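Residue numbers for the sequence shown follow the numbering used here, beginning at 1 and rising by one. All C-beta atoms in this analysis are idealised placements derived from N, C-alpha and C, irrespective of residue type, glycine included. Keep in mind it's a predicted model, so treat the numbers as computed, not measured.
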Amino acid sequence: MEKKRALITGVTGQDGAYLAELLLAKGYEVHGLKRRASSFNTERIDHLYHELDETSPGVHLHYGDLTDSLSLLRVLQQVKPDEIYNLAAQSHVAVSFEEPEFTANVDGLGAVRLLEAMRSLGLGDRCRYYQASTSELYGMVREMPQRESTPFHPRSPYGVAKLYAYWITVNYREAYGLYGCNGILFNHESPIRGETFVTRKITRGLARVAQGLQHCLYLGNLDARRDWGHARDFVEAQWLILQQDQPADYVIATGIQHSVREFVILAAREMGIGLEFQGAGADEHAVVASVSTPGAKIQPGSVILRIHPQYYRPAEVDTLLGDASFARERLGWSPKTSFAELVREMAAADLALAQREAQGAIGARHGRHLIERLPGRDA
């Protein structure tokens with residue numbers, strides 16, 4: 001039986017890496033899109049990556065870019081995928097306020113370029129398309145929790161660009177009969193999350209401060225509330241979405257909400273650090289109340305976290321909470337990893353990384369992702 005072929009844009013990102021491993025385990029031939037850049041970062045998929053050996057079971061990488069229609073046509077013509085997972089994006093909300101045009105070009109127009117390439121090559125009859133949507137579509141929420149029918153009100157250029165990608169996917173489904181689906185994924189994290197995302201910034205920062213590698217951790221709104229799950233669980237939902245008889249759009253979430261402050265407290269506790277919060281507003285800070293971290297370079301009374309206005313959004317999204325009832329009923333999907341387990345896994349990975357850095361075993365530049373295999377998967 002011929003293997004299914006999948007093309008993943010954003011394959012070198014967190015979700016792309018977990019999804020590539022999942023699809024390889026299911027017997028897929030996996031292809032990924034990579035951009036030509038001054039630096040070539042495949043750290044998350046190095047254990048899966050085979051660029052030149054076409055007989056290898058690993059991920060085959062192709063140069064291409066969501067801002068370049070011709071490159072997308074070329075790659076789709078070469079690969080002829082059965083499934084496309086469009087995970088590539090300028091995915092930083094804060095950056096989208098600084099670079100709104102670039103964000104719109106990649107996140108919004110990139111989706112229509114990919115869909116149009118599918119259509120023009122006549123792949124619509126055989127190829128299924130998954131669009132990575134986001135809970136940032138809801139922005140200024142109209143109801144709690146948010147479900148597929150909840151009105152959208154994005155509060156950032158990132159959310160607005162993703163809203164275009166959402167609706168153009170629906171439009172190509174309705175106008176041309178393409179099998180196109182949106183996965184409205186709420187926040188999902190892992191030890192290989194990018195270090196500028198708040199959860200990884202917390203675990204990485206706390207670990208580095210504890211090991212004397214960093215003076216202090218700076219954050220913005222500690223009271224923002226999010227629905228956090230594990231990327232490993234969420235990519236399984238992405239795959240399931242494309243296995244259904246009829247295309248549809250799905251909210252993927254845990255249905256449980258926590259604040260950024262809760263994440264900080266739990267991550268610190270997992271590292272053997274007790275915290276006490278003092279002050280209010282921009283003057284709030286966290287002081288070490290107790291410490292039992294092996295080799296810790298901090299003492300009780302040390303300030304480990306401060307608030308910085310730079311990390312507040314121009315238009316804040318205060319609360320997000322997803323209702324994944326439709327996904328549970330139709331896909332049979334539910335998250336397997338609890339919030340506490342997620343934080344524990346991330347805290348342990350970053351503490352081990354910081355300890356190795358402190359011992360000089362690895363450099364800061366090359367110590368970002370210690371993965372022989374993806375964290376959380378059985379060897």
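Worksheet item: Can you name, in chain order, every residue of its own chain whose Cβ lies under 7 Å from the Cβ of A282, other than the five neighbours on each side?
Response: Along the sequence shown, read from residue 1 onward, the residue named residue 282 stands at position 282. Answer for A282: I307, P309, listed in chain order.
Discussion item. I believe R5 touches P81 by the beta-carbon criterion, under 8 Å. Please report the beta-carbon distance rounded to the nearest angstrom.
Written reply: Indexing the sequence shown from 1 puts residue 5 at position 5. Indexing the sequence shown from 1 puts residue 81 at position 81. That belief holds up - the Cβ atoms of R5 and P81 are roughly 5 Å apart, short of 8 Å.
Fill in: Of the listed residues L275, A253, G255, nearest to E380 (C-alpha basis)
In the structure as shown, the chain starts at 1 and stops at 379, and residue 380 therefore has no counterpart that could be examined.
Practice prompt. Report yes if the CB atom of H60 is closer than 7 Å to the CB atom of L33, and no otherwise.
Written response: Numbered from its first residue, the sequence shown carries residue 60 at position 60. Numbered from its first residue, the sequence shown carries residue 33 at position 33. Going by beta carbons, H60 and L33 fall outside the 7 Å limit.
Item to complete: Taking the CB atoms as reference points, tell me whether P191 and A358 lie closer together than 7 Å.
Response: The residue given as residue 191 occupies position 191 in the sequence shown. The residue given as residue 358 occupies position 358 in the sequence shown. Taking a C-beta distance under 7 Å as the contact criterion, P191 and A358 do not qualify as a contact pair.
Worksheet item: Sorted by chain position, which residues of the same chain lie with C-beta nearer than 8 Å to P154's C-beta, five sequence neighbours on each side aside?
Response: As a working note, residue 154 is residue 154 in the sequence shown. Here the set comprises E136, L137, Y138, G139, V160, K162, L163.
Worksheet item: Contact check, L320 vs F186 under 8 Å by CB: the rounded distance?
Response: The sequence position of residue 320 within the sequence shown is 320, counting from 1. The sequence position of residue 186 within the sequence shown is 186, counting from 1. Sure, about 6 Å apart at Cβ, within 8 Å.
Discussion item. According to DSSP, is L342 part of a helix, a strand, or is it coil?
Written reply: By one-based count along the sequence shown, residue 342 stands at place 342. Helix.
Worksheet item: Buried or exposed: where does A175 fall if 16 or more other Cβ atoms within 10 Å of its Cβ makes it buried?
Response: The residue you call residue 175 lines up with position 175 of the sequence shown. Per the 10 Å Cβ criterion, exposed.
Worksheet item: Hey, out of R225, E148, I241, whose CA is closest to S256's CA?
Response: If you number the sequence shown from 1, residue 256 lands on position 256. In the sequence as displayed, the identity of residue 256 is Ile instead of Ser. Answer by Cα proximity: R225.
Worksheet item: Between which two residues does the beta strand (DSSP E) carrying T9 extend?
Response: The sequence position of residue 9 within the sequence shown is 9, counting from 1. DSSP places T9 in the uninterrupted beta strand (DSSP E) bounded by 5-9.
Discussion item. Could you tell me the alpha carbon to alpha carbon distance between E83 and F339, rounded to whole angstroms?
Written reply: By 1-based counting over the sequence shown, the position of residue 83 is 83. By 1-based counting over the sequence shown, the position of residue 339 is 339. Approximately 31 Å, taken between the alpha carbons.
Worksheet item: Identify the residues that DSSP records as bridge partners of T134: which are they?
Response: Along the sequence shown, read from residue 1 onward, the residue named residue 134 stands at position 134. Answer is L185.
Fill in: W333 and A237 closer than 7 Å at C-beta
Indexing the sequence shown from 1 puts residue 333 at position 333. Indexing the sequence shown from 1 puts residue 237 at position 237. With respect to A237, W333 sits close: the two C-beta atoms are nearer than 7 Å.
Practice prompt. Within its chain, find whatever has a CB closer than 6 Å to the CB of A286; leave out the 5 residues flanking it on each side and keep chain order.
Written response: The residue given as residue 286 occupies position 286 in the sequence shown. These residues qualify, in order along the chain: L275, F277, I304, L305.
Item to complete: Tell me whether V141 sits in a helix, a strand or coil according to DSSP, three-state version.
Response: In the sequence shown, counting from the first residue as 1, residue 141 sits at position 141. Here V141 sits in coil by DSSP.
Worksheet item: Looking at R128 and L72, is the spacing between their C-beta atoms short of 7 Å?
Response: On the sequence shown, position 72 is the one that residue 72 refers to. On the sequence shown, position 128 is the one that residue 128 refers to. In this structure, R128 does not lie closer than 7 Å to L72 by Cβ.
Worksheet entry | Rounded separation between L7 and H31 - CA only | Taking the sequence shown and counting its residues from 1, one reaches residue 7 at position 7. Taking the sequence shown and counting its residues from 1, one reaches residue 31 at position 31. Counting only the Cα atoms, H31 lies some 5 Å from L7.
Item to complete: Grab me the residues of G124's own chain with a C-beta within less than 7 Å of its C-beta, minus the 5 sequence neighbours each way, in chain order.
Response: Here residue 124 corresponds to residue number 124 of the sequence shown, with the count starting at 1. M118, Y176, G177, L178.
Discussion item. Between the alpha carbons of P145 and Q78, how many angstroms are there, rounded?
Written reply: One-based indexing of the sequence shown puts residue 145 at position 145. One-based indexing of the sequence shown puts residue 78 at position 78. If you draw a straight line from the Cα of P145 to the Cα of Q78, it comes to about 43 Å.
Practice prompt. Less than 8 Å between the CB atoms is what I'm expecting for L75 and G64, so what's the real figure, rounded?
Written response: Here residue 75 refers to the residue found at position 75 when the sequence shown is read from its first residue. Here residue 64 refers to the residue found at position 64 when the sequence shown is read from its first residue. Reading off the sequence, residue 75 comes out as Val, not Leu. Beta-carbon to beta-carbon, V75 and G64 are separated by about 5 Å, close enough to satisfy the 8 Å threshold.
Worksheet item: Between A354, V251, E345, L342, which lies nearest to R328 when the distance is taken from Cα to Cα?
Response: Start at 1 with the first residue of the sequence shown, and residue 328 comes out as number 328. Nearest C-alpha to R328: V251.
Item to complete: Could you tell me if D223 is buried or exposed, where buried requires 16 or more neighbouring beta carbons within 10 angstroms of its beta carbon?
Response: Reading the sequence shown from its first residue, position 223 is the one you call residue 223. Sixteen is the threshold: since fewer than 16 other Cβ atoms of the shown chains lie within 10 Å of the Cβ of D223, the residue is exposed.
Worksheet item: Alpha carbon to alpha carbon, how far is D318 from S149?
Response: Here residue 318 corresponds to residue number 318 of the sequence shown, with the count starting at 1. Here residue 149 corresponds to residue number 149 of the sequence shown, with the count starting at 1. One C-alpha to the other measures close to 20 Å.
Practice prompt. Output the distance between the C-alpha atoms of E143 and R356, rounded to the nearest integer angstrom.
Written response: On the sequence shown, position 143 is the one that residue 143 refers to. On the sequence shown, position 356 is the one that residue 356 refers to. Answer to the nearest angstrom: the Cα atoms are 46 Å apart.
Worksheet entry | For N171 and F326, the rounded distance between their alpha carbons | The residue given as residue 326 occupies position 326 in the sequence shown. The residue given as residue 171 occupies position 171 in the sequence shown. Cα to Cα, F326 sits roughly 21 Å from N171.
Item to complete: Please report the residue range of the alpha helix (DSSP H) in which L72 lies.
Response: Reading the sequence shown from its first residue, position 72 is the one you call residue 72. From DSSP, the alpha helix (DSSP H) with L72 extends over 69-79.
Worksheet item: Which value, in whole angstroms, describes the spacing of the CA atoms of W167 and G180?
Response: For the purposes of this step, residue 167 is taken as residue 167 along the sequence shown, with counting starting at 1. For the purposes of this step, residue 180 is taken as residue 180 along the sequence shown, with counting starting at 1. If you draw a straight line from the Cα of W167 to the Cα of G180, it comes to about 11 Å.
Practice prompt. Measure from the C-beta of P154 to each C-beta in chain D and report whether the shortest distance is under 7 Å.
Written response: Absent here is chain D; the protein component of the structure consists of one chain.
Discussion item. Please give me, in chain order, every unbroken run of the alpha helix (DSSP H) with length at least 4 that falls completely inside the segment 189-214.
Written reply: Qualifying alpha helix (DSSP H) stretches, in chain order: 198-210.
Worksheet item: So, using beta-carbon positions, are V106 and Q131 closer together than 7 Å?
Response: Counting from one through the sequence shown, the residue named residue 106 turns up at place 106. Counting from one through the sequence shown, the residue named residue 131 turns up at place 131. No, Cβ-Cβ distance for V106 and Q131 is not below 7 Å.
Worksheet item: Do you know whose CA, among A324, E101, T203, A280, lies nearest D227's CA?
Response: As a first step, residue 227 must be located in the sequence shown, where it is residue number 227. Of all alpha-carbon atoms in A324, E101, T203, A280, the one lying nearest the alpha-carbon of D227 is that of A324.
Discussion item. Comparing C-alpha positions only, which one of P151, R204, S133, V198 sits nearest to T169?
Written reply: Numbered from 1 along the sequence shown, position 169 holds the residue referred to as residue 169. If we check each option's Cα against that of T169, S133 comes out closest.
Worksheet item: Rounded to the nearest angstrom, how far is the Cβ of R200 from that of E189, given a contact under 8 Å?
Response: Here the question's residue 200 lines up with position 200 in the sequence shown. Here the question's residue 189 lines up with position 189 in the sequence shown. With 8 Å as the limit, R200 and E189 qualify as a contact, their Cβ atoms being about 7 Å apart.
Worksheet item: Given P300, which residues of its chain have a CB within under 7 Å of its CB, disregarding the five upstream and five downstream residues?
Response: Position 300 of the sequence shown, counted from the start, is the residue given in the question as residue 300. Beyond the five residues adjoining it in sequence on each side, P300 comes within less than 7 Å, by CB distance, of V288, A289, S290, V291 in the same chain, given in chain order.
Worksheet entry | Nearest-angstrom Cα separation, counted from A165 out to T103 | Taking the first residue of the sequence shown as position 1, residue 103 is located at position 103. Taking the first residue of the sequence shown as position 1, residue 165 is located at position 165. T103 and A165 have their alpha carbons spaced roughly 12 Å apart.
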